[in-house]
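Colleague: Sequences listed follow chains A and B, in order. For the first sequence, the numbering used here begins at 4 and goes up steadily by one. For the second sequence, the numbering used here begins at 20 and goes up steadily by one. Quick one: this structure, given as structure tokens, is what I'll be asking you about.
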Amino acid sequence: MKKVEAVIRHFKLEDVKAALTKRGVQGLTVVEVRGFGRQRGHTEVYRGTEYSVDLVPKIKIEVVVPDEDVNEVVEAVVEAAYTGQVGDGKVFISDITGAVRIRTRETDDQALK
Amino acid sequence: MITRIASHIEALRQRSAAHSAEIARMIRDGRPGLEVAEAATAMRDELVLALWDRCLVGGVGSLPMRACLLAVGGYAKRRLCPCSDVDLLLIVAERDPTPVAKSCEPFFRDLYDVGLDVGFSVREIDRTWETAVQDPRFCTSLLHVRLLWGDEDLLQDWRARFGRFLRRNASRLILAAEAERSRERAEYGDTVYLLQPNVKRSPGTLRDIQFIEWMAAFRFQDTGLEGFIRSDAMTEEEAAAIREAEDFLLRVRQSLHCAAGKADDTLSRAAQWSLAEAWGFSSGGGLLGVEKFMQEYFRLTEQVDAIRTRVFAHVDPRRRLRRTWGKILAKRVGPFVRVAGGEIVLSQEVKTGTPRDYLPLLSLMESALQYDAEISPNVWHWLALHREALPAEPSQSERERFFGLLGSTARLPELLRHLHALRLLERFIPAFGPARGLLQFNQYHKFTVDQHSLIALERAVELSRDQGLLGRTYSAVRDKAILHAAILLHDLGKGRDEDHCTVGARIAEEISQRFRLSEDRAEHLIYLVQNHLRMNHLALRRDLSEEKPVVDFAVEVGSPERLRMLYVLTAVDLMAVGPGNWTGWKADLLAELYQRAMRCISDSGDILLAGDQILEERREEILAQPAVRELDSEFRGLVPTLPAGYLLSADPRRIAEDLKLLAGLGDQPVAIAVEFVPATESVVWTVATREKAAEGVFHRLAGALTSSGLSILSAQIHTLPGGLILDRFWVRDAYYGGEPPPERLQEIREELLRALSSSSRFEPVFRERWAPPGARPHDFTQAAVRVEIDNTSLPDFTIVEVFANDRAGLLYRIAKTLFEEGCSVWRAKVGTYLDQAVDVFYVTDRSGARLSDATLLARIKSRLLDVIQRKEA
């Protein structure tokens, strides 16, 4: 199992959600976050970078998927979240060592379905 | 997944990597900083222009006819370091720059993708000023611009308008830039003499060089230094010194960027060592290579700092006005000196001549102190020019006159600071010479030795406005010259192998002879310097409720005057170590020791200094607490018997809470209270038990706290009357900033109870704190690691002192070792100062007697050493 986390522009959430549901992703967690990357919160910067770093609002989504689906899911997220401008965001992929569905106690891939 | 990096970006990235390699090679070869910066700038130009051309060719159809692309700030000035930002400005003649900005988006994005840190904006020519007026930083960045592409006439036009803008607003801009720079200087240390300075922002560094250029631009509409030279505010030599410093600082900064691979401008200790080695500063003459390297750094930045101060005084609009008036209203106050416009200046006939002795200087200082007026920066400059003309040794009468000045307050530290900067202080006090920029290789001090001494003196002089015990004590000191001399000398013995107190005492003796001090004054001075750590150690590492050490100390000090001096010296020494070092806790303990010792030697029964009064007040305050009033008489009755060390360890409200906790103990073996302290973002855990309720309570608690991911900042054990024991820990939570949620506290509470339940023989697991590899290649604090066992100070306890580098689980391991060796810990004072832990334990054997077996003591010492040096299994 893999966890796919993506930090994206807030107005791209609907597109990403649609793209993921289209590919059969069953569950998605969405968090409103603030942060900065190399863009440092500026599109037009004037020596501002040196003095201040603004935290820009972004959306973070998290999806846990079986290993074999991960490429497709990442592709879908990247496709849907793309604008081509600095600040489109990043996708992080990590290993998940276990999952349990609380109600039925099914584990791992079973728990994801 | 197929990457979508355009081929031109890929090509430029490779180009950029080749550039970086070339720059790194130049830095390794030791090329001059200015040369490397020029090369780095040319390389950046190549990348920027390649992308700009592409952007033009790529059909930026809406780009107006008249536009120019400018480099600004350090990039314009060709002063780039490997990871510097690249600041760009596109000026257009159009009314609305938005469509142009839109068409430039691919340019900005490509720069970013190639890996440059870019600042880029598009502005209409007349709109530039709107921002410049509001934002002094933006305005100063425009003082350097360089044409990269475009319409030269437009740039000329822009320059002309900018020049007019500068002239119109010069005064306001000067003050705004100074305010901004003062704020930044304060944020980055406020003195040149930092042990780990920031080479871009700390005082005397690259930013101050820029500042000098800004002032030139505001005043003369040109960033060159010629304007200052023409108007006699700067000499040719000083302009050269600025270039020398700039080259040095650029080299340092370039090396730092190159080593870190990012824009890291802090000259850390590790970087100091490696640069000193790489640049061939070798050890010798009693100094390490790294110390010589840093002395070079301090020499250069100190010059920049002094020039900066004078240049600002020259352009400061407020001062210019005062000077004009001052010329009219000047008043002669001595053979050499006039007071004009609120500042001390030299009379005309002296100014044009060369000083042959120190009399003008002393006269200036006396007037500055008498009239509480600042000495004009021009006077200091005059002295700097004629420093070499002055005799190397002041005459005997000059020396004595100088020593007399040390008894003043107010402006004394400021004057001495100037003298030190001019290297004249060491002509009166020779030991100040070697202390200049002397590093202190421990994690405890923030300043070099000379700065530490001067800062301590400043703190002392400020005490004359303090209404508290310390301030009143300072005011009561009759011989301030001796006190101030002791403050200046106390650490000058550092930097040699011998103990610095012993060396210091010798220095104090030499000084006494040099200034022909009377015998009793000399005795005071030597005693104070030799024993400047005495009170500190006694107050912070010993339990003050014991009578004997306090009496011994009082007898040793001998006189109230000397005790007052020692108290003030100890306090200002602690204050001058670094920000945050002087805490209420230390202040209280020191005050307590001072007052009790004073009671022993003061026959006048001075009410002001009466010792028990504070304790009595504390007891009354505690009895008045609502929590205490509700308790039954058994626990209220405890209050008059509480020991002094405990009464002073916490505020009355917390002690009231403690009593409530003890009262609630009942038949249980243990009761636990917890409180979050927002001011320090720490949590205080208090555990109440009874004697013999459980064994090895202290180390078990310490282990449980640390294994739960808490770092222990400080800990105390208090044994109270009636066999009651309080263990208190100040901890910080690595996993929760701010107040931890209730479930986290509950989790820790359970962990503590589990650790105490006598059946559990658990070994806590510690997570080592993460530290970047190589962050501490040289173990600066190694010398401080030691264990001392004191079996003579107290009749009932053996005192074990442990000095170690802090790490996770340290306190647990120490306490456990003591427990395993059959020791009962009765009191503990555990503190962490930055990375150095100082732990003091009062122990006995299990039967309650002082340890007497010599082999046992030796074994304890060697086992503890193994623990702190990480040799234990």
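From the three backbone atoms N, C-alpha and C, an ideal C-beta is built for every residue, glycine too. Note that the structure is predicted; figures quoted are calculated from it, not measured.
(1) Exposed or buried, S382 of chain B, counting other C-beta atoms within 10 Å across all chains shown (16 or more means buried)?
(2) Enumerate in chain order the residues of its own chain whose CB-to-CB distance from L552 of chain B is below 7 Å, with the five nearest sequence positions on each side excluded.
(3) Out of B:R128, B:A189, B:Y131, which has the shortest C-alpha to C-alpha gap to A151 of chain B?
(4) If you count every other CB in all the chains shown that lies within 10 Å of the CB of N555 of chain B, and 16 or more means buried, which is it?
(5) Which partner residues of Q33 of chain B appear in the DSSP bridge assignment?
(6) For a contact defined as C-beta to C-beta under 7 Å, what are the partners of E149 of chain B on chain A?
(7) Is the segment 746–765 of chain B touching the segment 711–730 of chain B in the sense that three or more CB pairs, one from each, lie closer than 8 Å?
(8) DSSP state of E840 of chain B, grouped into three classes?
(9) Under 6 Å: does the beta carbon of L661 of chain B sit that close to some heavy atom of the ligand SAM?
(10) Buried or exposed: where does A877 of chain B fall if 16 or more other Cβ atoms within 10 Å of its Cβ makes it buried?
(11) I want to know whether the segment 83–99 of chain B touches the segment 159–174 of chain B - three or more CB-CB distances under 8 Å.
(12) With 9 Å as the C-beta to C-beta threshold (strictly closer), list the residues of the segment 88–101 of chain A near chain B in chain order.
(13) Using a Cβ cut-off of 9 Å, pull out every chain A residue sitting near R535 of chain B, in sequence order please.
(14) In this structure, what does DSSP give as the bridge partners for N217 of chain B?
(15) Would R436 of chain B count as contacting chain A if we go by Cβ distances under 7 Å?
(16) What does E124 of chain B reach in chain A if we use C-beta pairs closer than 8 Å?
(17) Can you give me the C-alpha to C-alpha distance between V33 of chain A and I62 of chain A, rounded to a whole angstrom?
(18) Counting only beta-carbon separations shorter than 7 Å, does R200 of chain B have a partner in chain A?
(19) Spell out whether any CB of chain A is found under 7 Å from the CB atom of R128 of chain B.
(20) Using a Cβ-Cβ cutoff of less than 7 Å, which residues in the same chain neighbour A429 of chain B once the five nearest sequence positions on both sides are dropped?
(21) Cβ of D104 of chain B within 7 Å of Cβ of I28 of chain B?
(22) By DSSP, does G52 of chain B sit in helix, in strand, or in coil?
(23) With H, G and I counted as helix, E and B as strand and the rest as coil, what does DSSP make of P761 of chain B?
(24) Measure the Cβ-Cβ separation of L678 of chain B and V703 of chain B and say whether it is below 7 Å.
(25) What span of residues does the beta strand (DSSP E) with C87 of chain B cover, start to end?
(26) As a quick exercise: from B:I674, B:P688, B:G685, B:G683, pick the residue whose alpha carbon is nearest that of E694 of chain B.
(27) Find the nearest neighbour of W177 of chain B within the set B:G243, B:S221, B:S201, B:L88, judged by alpha-carbon distance.
(28) DSSP state of R704 of chain B, grouped into three classes?
(29) Does the Cβ-Cβ distance between E143 of chain B and P116 of chain B come in under 7 Å?
(30) Answer with buried or exposed for T107 of chain A, where buried requires no fewer than 16 other C-beta atoms within 10 angstroms of its C-beta.
(31) Closer than 8 Å is the cut-off here; do at least three beta carbon pairs connect the segment 402–412 of chain B with the segment 471–486 of chain B?
(32) Which of helix, strand or coil does DSSP assign to N824 of chain B?
(33) If distances are taken between C-alpha atoms only, which option among B:R672, B:R832, B:A682 comes closest to S652 of chain B?
(34) In three-state terms, what does DSSP make of T110 of chain A?
(35) Can you tell which of B:Q273, B:G372, B:L739 has its C-alpha closest to the C-alpha of R44 of chain B?
Modeller: The relevant details are as follows:
(1) Sixteen is the threshold: when 16 or more other Cβ atoms of the shown chains lie within 10 Å of the Cβ of S382 of chain B, as they do, the residue is buried.
(2) C520, listed in sequence order.
(3) Of the candidates B:R128, B:A189, B:Y131, the residue whose Cα lies closest to the Cα of A151 of chain B is B:A189.
(4) The residue in question, N555 of chain B, is buried, as its Cβ has 16 or more Cβ neighbours within 10 Å.
(5) Paired residue(s): none; Q33 of chain B is not in a bridge.
(6) Those do not exist, as E149 of chain B stays about 13 Å from chain A at its closest Cβ, beyond 7 Å.
(7) Three or more beta-carbon pairs drawn from the segment 711–730 of chain B and the segment 746–765 of chain B are found closer than 8 Å, and the two stretches are therefore classed as touching.
(8) Coil at E840 of chain B, not helix or strand.
(9) The model depicted lacks the ligand SAM and carries no ligand whatsoever.
(10) With fewer than 16 other CB atoms across the displayed protein chains lying within 10 angstroms of its CB, A877 of chain B is exposed.
(11) With a cut-off of 8 Å, the segment 159–174 of chain B and the segment 83–99 of chain B count as touching, because enough Cβ pairs lie within range.
(12) Per Cβ criterion, the list reads Q88, V89.
(13) In chain order: nothing, as chain A lies at least about 55 Å away.
(14) Paired residue(s): B:T285.
(15) No, its Cβ sits nowhere closer than 7 Å to a Cβ of chain A.
(16) Contact of E124 of chain B with chain A by beta-carbon distance below 8 Å involves Q88.
(17) Computed Cα separation, rounded: 7 Å.
(18) So, not an interface residue.
(19) The Cβ of R128 of chain B sits closer than 7 Å to at least one Cβ of chain A.
(20) Around A429 of chain B, the same chain offers L388, D391, V480 as residues with beta carbons nearer than 7 Å, after the five sequence neighbours per side are excluded.
(21) Result no, Cβ atoms of D104 of chain B and I28 of chain B do not sit closer than 7 Å.
(22) In the structure shown, G52 of chain B sits in a helix (DSSP, three-state: H, G or I).
(23) Under the three-state reduction of DSSP, P761 of chain B is assigned to helix.
(24) Taking a C-beta distance under 7 Å as the contact criterion, L678 of chain B and V703 of chain B do not qualify as a contact pair.
(25) Counting along the chain, the beta strand (DSSP E) containing C87 of chain B begins and ends at 86–91.
(26) Ranked by how close their Cα comes to the Cα of E694 of chain B, the residues B:I674, B:P688, B:G685, B:G683 have B:I674 in first place.
(27) Between W177 of chain B and the set B:G243, B:S221, B:S201, B:L88, the nearest pair of CA atoms involves B:L88.
(28) For clarity, residue 704 of chain B is Trp in the given sequence; the question names Arg instead. Look at W704 of chain B here: in three-state DSSP terms it is strand.
(29) Result yes, Cβ atoms of E143 of chain B and P116 of chain B sit closer than 7 Å.
(30) It is exposed - the Cβ of T107 of chain A has fewer than 16 other Cβ atoms within 10 Å.
(31) No contact exists between the segment 402–412 of chain B and the segment 471–486 of chain B.
(32) It is a strand residue.
(33) Of the listed residues, the one whose Cα sits closest to S652 of chain B is B:A682.
(34) In the three-state scheme derived from DSSP, where H, G and I count as helix and E and B as strand, T110 of chain A is classed as strand.
(35) Among B:Q273, B:G372, B:L739, the Cα nearest to that of R44 of chain B belongs to B:Q273.
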